[in-house]
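K.L.:
In the numbering used here, the protein residues as written are 68 to 279.
1. To the nearest angstrom, report how far apart residue 178 and residue 229 are at their CA atoms.
2. Suppose you measure from the CA of residue 173 to the CA of residue 221; what does that come to, to the nearest Å?
3. Note down the Cα distance separating residue 151 from residue 143, rounded to an integer number of angstroms.
4. Could you tell me if residue 223 is buried or exposed, where buried requires 16 or more neighbouring beta carbons within 10 angstroms of its beta carbon?
5. On the three-state DSSP scale, how would you describe residue 246?
6. Within this structure, are the beta carbons of residue 186 and residue 254 separated by less than 8 Å?
7. In angstroms with no decimal places, state the Cα-to-Cα distance between residue 307 and residue 258.
8. Helix, strand or coil: how does DSSP classify residue 240 here?
9. What does a CB cutoff of less than 7 Å around residue 99 pick up in its chain, not counting 5 residues either side in sequence?
10. List in chain order: all unbroken beta strand (DSSP E) runs of 3+ residues lying wholly within the segment 90–141.
11. Considering only their Cβ atoms, is the gap separating residue 215 from residue 248 smaller than 8 Å?
12. If distances are taken between C-alpha atoms only, which option among 139, 126, 227 and 189 comes closest to residue 243?
13. Short of 8 Å in beta carbon distance, which residues of its chain neighbour residue 112, apart from the five on each side in sequence? Order them along the chain.
14. If you draw a straight line from the alpha carbon of residue 115 to that of residue 195, how long is it in whole angstroms?
15. Which residues in the same chain have their Cβ closer than 6 Å to the Cβ of residue 208, if we skip the five residues on either side of it in sequence?
16. What residues in its chain sit with their C-beta under 6 Å from that of residue 263, if we drop five residues either side in the sequence?
17. What are the uninterrupted segments assigned as beta strand (DSSP E) that are 3 or more residues long and contained completely in the segment 163–204, given in chain order?
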């Protein structure tokens, strides 16, 4: 995002990628922020578009060191209540949300940018109870489908030759950290949040720290 933040050889050691829970934040709002493509994890170098239900509104990014900056102020290309990020860097990991001129805010979402060769594509917003949840394991080095293993915490929950897995009819008990692996390469973990209904906002309590 920031030109001065482009990844240098020593950046990873100075700013290690923290667990997903570090960035988790929620807001008691029914307004949504949409991510395209829809995922809570991205590879360094990927592009993403963030869009808001609130019109007009600005998109704000909170970095891991606590800075809060609006789209167009040193990062991103602002549009009509949207923000396009052409090239994601590891330092772009953080919390994103929309805020209207009247101060109304959207849900806050966590996005993780990884330099791993594998990532997990999972819902970036809370999922309503009873819905199916689709998980996909994506390899940076080989875009075609590969056999992938999926994990809940440290426990293996399934293997798929297509690289995709569905969690049918989820409930609150399915809330947890999920990850995947391809040929021994492991993704980062992402928290999947389940909400009782569209009328009940997700809990503001941070999820437990991911197990190593």
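In this text, a Cβ means the ideal position worked out from N, Cα and C, and glycines have one as well. Quantities reported herein were computed from a predicted structural model and do not represent experimental measurements.
P.N.:
This is what the structure holds:
1. 25 Å
2. 32 Å
3. 6 Å
4. exposed
5. strand
6. yes
7. The question about residue 307 has no answer here: the residues shown for the chain are numbered 68 through 279.
8. helix
9. 120, 173, 174 and 192
10. 100–103, 108–110, 115–119, 124–130 and 135–137
11. yes
12. 189
13. 154 and 155
14. 24 Å
15. 184
16. 196
17. 176–181 and 185–188
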